[in-house]
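Report on the structure given below.
Numbering (the UniProt record's numbering), first residue to last: 1 to 290.
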């Protein structure tokens with residue numbers, strides 16, 4: 001593919017005009033080697049002046065770059081993705097919006113190359129956006145579902161996040177950590193969870209103790225299968241299934257899905273967490289006048 005054609009593809013990604021750039025995404029996928037450095041360059045350029053790019057109305061090149069680099073499972077993009085997610089609020093929300101809660105966990109996982117270092121650093125960063133941090137927590141749980149990380153190792157790390165100084169007292173951080181513990185089957189950590197409720201770290205409305213009790217009744221294998229199914233649903237093999245169905249493109253959601261993801265329903269903790277996060281994000285945007 002010629003340099004001029006690569007430039008045309010990248011230019012098409014820049015401006016939102018209500019049309020999903022299907023042909024350009026296909027073309028980019030066909031010239032992975034040539035276009036990958038340019039896609040990483042888009043993310044790195046945004047990082048040089050994130051406020052300026054956040055203020056650019058309709059700018060979407062970084063979104064297409066994130067989707068394609070995730071589809072490519074490009075490890076060289078991981079550092080830039082972690083850096084974007086680590087920007088101080090409200091920049092991540094202004095740049096990514098609902099992508100943070102819906103897609104960032106998979107973006108982080110699929111570009112990690114099996115290393116959890118960057119993901120853990122984001123989780124532990126108290127200055128980062130709360131929703132980026134909890135999306136990194138979800139990425140850690142997905143790493144277990146994908147066989148990248150041992151469940152016991154993930155639970156040990158997550159259990160260390162209830163000291164009480166990891167976030168502000170009114171944060172939903174601990175509730176989201178609790179949701180991922182529940183999705184990993186919480187049997188060994190019920191003492192930690194019960195104490196977190198007693199210490200009022202876990203906000204009501206994110207997840208209740210009854211969700212843990214139901215999960216324990218469901219059993220370990222069924223619980224972990226739900227997590228694997230959720231990861232499969234959010235990691236489509238078809239690159240277009242990441243974003244072509246978004247409401248902003250005024251197109252119907254594609255009916256074709258990979259067999260593993262058909263009919264998959266998120267677990268109760270996942271549903272509760274996502275509902276609570278959406279509500280909190282709406283309130284925060286309203287306070288900022290968005």
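Positions of the beta carbon are idealized from the N, C-alpha and C atoms, including for glycine.
Top-ranked residue by Cα proximity to residue i, from the options
i, options, result
"residue 135", "46, 175 and 226", "175"
"residue 57", "146, 17, 234 and 235", "17"
"residue 152", "162, 163 and 140", "140"
"residue 235", "29, 102 and 217", "102"
"residue 49", "15, 68 and 84", "84"
"residue 146", "46, 224 and 28", "224"
"residue 161", "72, 150 and 173", "173"
"residue 210", "94, 179 and 37", "179"
"residue 194", "213, 183, 184 and 167", "213"
"residue 243", "197, 20 and 3", "20"
"residue 245", "22, 11 and 12", "22"
"residue 190", "169, 167, 204 and 155", "155"
"residue 158", "131, 127, 167 and 123", "123"
"residue 31", "51, 43, 44 and 4", "4"
"residue 51", "95, 199, 79 and 11", "95"
"residue 219", "187, 230 and 200", "187"
"residue 133", "148, 150 and 104", "104"
Range of the contiguous alpha helix (DSSP H) that encloses residue i
i, result
"residue 7", "3-14"
"residue 190", "190-198"
"residue 235", "Segment: none, residue 235 is in no alpha helix (DSSP H) and carries neither H nor E."
Neighbour-count burial assignment, residue i, 16 or more Cβ in a 10 Å radius
i, result
"residue 26", "exposed"
"residue 138", "buried"
"residue 110", "buried"
"residue 248", "exposed"
"residue 112", "buried"
"residue 217", "exposed"
"residue 226", "buried"
"residue 15", "exposed"
"residue 183", "buried"
"residue 74", "buried"
"residue 165", "exposed"
"residue 130", "buried"
"residue 70", "buried"
Residues bridged to residue i [DSSP beta-bridge criterion]
i, result
"residue 59", "15"
Presumed contact (8 Å Cβ cut-off) between residue i and residue j, rounded CB distance
i, j, result
"residue 143", "residue 116", "6 Å"
"residue 86", "residue 125", "6 Å"
"residue 239", "residue 6", "The Cβ separation is near 17 Å, so there is no contact."
"residue 99", "residue 63", "7 Å"
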